[in-house]
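In our numbering, the protein residues as written are 851 to 1157.
Written out as structure tokens, the structure reads:
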């Protein structure tokens, strides 16, 4: 059975490569796939750097990609039967060539590479299945494209900063951390994003605000809710709950990092601020979020099981 499956895959791959070499459309698709190979090392390296830095944004990439592909796969026969008009094919091929040829000159920017690769994917879908694909399956198309961006938390942070100004959340979290420390009996003060104790001070940077984890938990709420077909109200409540949990549990983390920086030494601070410390806090946040989301989504899940 395994040998038959391998032979089937080999035959499918051989047929696809033959098509790429034989037809004009196939050759342009091949150029687009080569552009994808140029982008993939950047994509993977950013995801790995995020994991090593204690971030969990890879959950969004895998979740959105899986959800988008699953929705398209259910309609694969209907999609494959789509008739493509010459004008649509020409537009799609231009999009592929435009994105693929520009991509090697954009290696200085991860975001630009990601958007050009998205343009290539749009061109592939446009030339193979017409733009009707995006109209019939808007969410699936959007999920697949969004999954190709390697750092949603960074992009969301930049948008948030542009709308609210620099250091708004950093200042707020530093102040909340000082309130928590004063409740514990410490003489803590804040100056902007700097949290001060009599023995020293610590800066609350953008990675220490809880914003990144809030983005992840909000995204997970969307993925989870759509997967179990929950209504919009439940999804919205789960998103708000996830954001609140991430920001609330980040306050004890700021207190712990302040203790580590001021009292416990550089090694302790590096541990709690690095990979293992980040993963420990991520595990705590995901656990708290899981029980909250289960309370919100469990009625919807039971309804699906009954059907």
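Backbone N, C-alpha and C fix where the C-beta goes; we use that ideal spot for every residue, glycine too. In this text the structure is predicted, and so the values were computed from the model without any measurement.
For residue 1124, there is no enclosing alpha helix (DSSP H), since its DSSP letter is neither H nor E. In the three-state scheme derived from DSSP, where H, G and I count as helix and E and B as strand, residue 989 is classed as helix.
Closest in alpha carbon position to residue 1035, among 1088, 1027, 1010, is 1027.
In the three-state DSSP reduction, residue 1111 falls in the helix class (H, G or I). Separation of residue 961 and residue 935 (C-alpha to C-alpha, rounded to the nearest whole angstrom) is 32 angstroms. Residue 942 and residue 974 have their C-alpha atoms some 6 angstroms from each other.
The straight-line gap separating the alpha-carbon atoms of residue 912 and residue 1004 is approximately 17 angstroms. Between residue 1052 and residue 1111, the beta carbon gap of about 4 angstroms places them in contact (Cβ cut-off 8 angstroms). Counting along the chain, the unbroken alpha helix (DSSP H) around residue 920 starts and ends at 908-923. For residue 1053, the enclosing beta strand (DSSP E) covers residues 1050-1053. Bounds of the alpha helix (DSSP H) holding residue 943 are 936-952. Proximity of the segment 907-927 to the segment 1060-1076 meets the contact definition, three or more beta-carbon pairs being nearer than 8 angstroms. The three-state reading of DSSP puts residue 957 in coil, since its state is none of H, G, I, E or B. Cβ-Cβ distances below 8 angstroms link residue 956 to 962, 963, 966 in the same chain, with the five nearest sequence neighbours on each side left out; the list follows chain order. Taking the C-beta atoms as reference points, residue 946 is found no nearer than 8 angstroms to residue 985. Residue environment: residue 937 is assigned as exposed (fewer than 16 neighbouring CB atoms within 10 Å of its CB, all protein chains considered). For residue 1046, the uninterrupted beta strand (DSSP E) run begins and ends at 1044-1047, by DSSP.
Taking the C-beta atoms as reference points, residue 1087 is found no nearer than 8 angstroms to residue 1064. Membership of residue 1040 in the beta strand (DSSP E) is indicated by the continuous run 1039-1041. Secondary structure of residue 1092 (DSSP, three-state): helix.
Taking a contact as a CB-CB distance under 8 angstroms, the pair residue 1095 and residue 1139 counts as one, their CB atoms being some 5 angstroms apart.
Straight-line measurement puts the Cα of residue 976 at about 59 angstroms from the Cα of residue 1047. Where residue 1021 is concerned, the enclosing alpha helix (DSSP H) starts and stops at 1018-1033. Secondary structure of residue 900 (DSSP, three-state): helix. Counting the other Cβ atoms within 10 Å of the Cβ of residue 954 gives fewer than 16, which makes it exposed. Here residue 1135 carries a helix assignment [DSSP, helix/strand/coil]. Taking the Cα positions, residue 1115 is about 11 angstroms away from residue 1107. Between residue 897 and residue 988, the C-beta gap is not smaller than 8 angstroms, which leaves the two residues out of contact.
Straight-line spacing of the CA atoms in residue 903 and residue 933 works out to 47 angstroms. The C-beta of residue 1062 has 16 or more other C-beta atoms within 10 Å across all chains shown, which makes the residue buried.
If you draw a 10 Å sphere on the C-beta of residue 923, you find fewer than 16 other C-beta atoms in it, and that means exposed.
Taking a C-beta distance under 8 angstroms as the contact criterion, residue 993 and residue 1042 do not qualify as a contact pair.
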